[in-house]
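Visitor:
Numbering (the numbering used here), first residue to last: 1 to 147.
#1: Give the straight-line distance between the Cα atoms of residue 76 and residue 65, rounded to the nearest whole angstrom.
#2: Taking its Cβ as the centre, do 16 or more other Cβ atoms sit within 10 Å of residue 104, making it buried, or is it exposed?
#3: Looking at the strands, I want to know which residues DSSP matches up with residue 45.
#4: Under a Cβ-count criterion, where at least 16 other Cβ atoms within 10 Å of its own Cβ denotes burial, should residue 101 be classed as buried or exposed?
#5: Residue 46 to residue 79, Cα distance in whole Å?
#6: Can we say the segment 42-61 touches the segment 84-97, given the rule of at least three CB pairs closer than 8 Å?
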C-alpha cells in the first residue's frame, strides 16, 4: 500500500511539474492515463499529504517548488537553452539565491548549477530534460502564489 502511494505521489509530482493541472479531476485523469487506478478522494488525500498549493492562475504547484516560484517570479529576467545547458539571467546580485532555490527543489532532471552575480548555468541530463526545466521555470516565472 505504501509503495503504491509513493509511486502515485511520484507520478503526481511529475504531472504537476510537467503540465498545468487545475483540478483534482484533471489529475485523476492523468494518473489513470498512465495506469494508476485511483479516485478523486485518493488524489485529494495525496494533494493534502504532499502540500500542493494553487497558484493564482489556478494551477497546482508542489510545496518544494514554492520557494523556487518566488525566486524565479521576482528575480529571473531571461532563460535560454543550448542542448542540455540552461542559462538563466537574473537581477544583479540574485543569481546565487536563484541557483540555491533550483538546487533545493531537487528537480530530477537537474544535475547541478553554477551561479555568478547575475547568471546561472544549470546542467541537465539531456536536451529533453533541459526543455522540461525551461518550461517549468517559465511556468513558475509567470505565476503568482494564491494566498
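All residues carry an ideal CB built from backbone N, CA and C; glycine is no exception.
Predicted model only: the values in this text are computed from it and were never measured.
Guide: Quick look at the numbers:
#1: In the chain shown, residue 76 corresponds to position 76, counting from 1. In the chain shown, residue 65 corresponds to position 65, counting from 1. For residue 76 and residue 65, the distance between alpha carbons rounds to 15 Å.
#2: Position 104 of the chain shown, counted from the start, is the residue given in the question as residue 104. Exposed.
#3: Here residue 45 is taken as the residue at index 45 of the chain shown, counted from 1. Looking at the DSSP assignment, residue 45 forms no beta bridge with any residue, so it has no partner.
#4: If you number the chain shown from 1, residue 101 lands on position 101. Counting the other CB atoms within 10 Å of its CB gives residue 101 a total of 16 or more, which places it among the buried residues.
#5: Position 46 of the chain shown, counted from the first residue, corresponds to residue 46. Position 79 of the chain shown, counted from the first residue, corresponds to residue 79. A straight-line Cα-Cα distance of about 32 Å links residue 46 and residue 79.
#6: They do not touch, by the three-pair rule.
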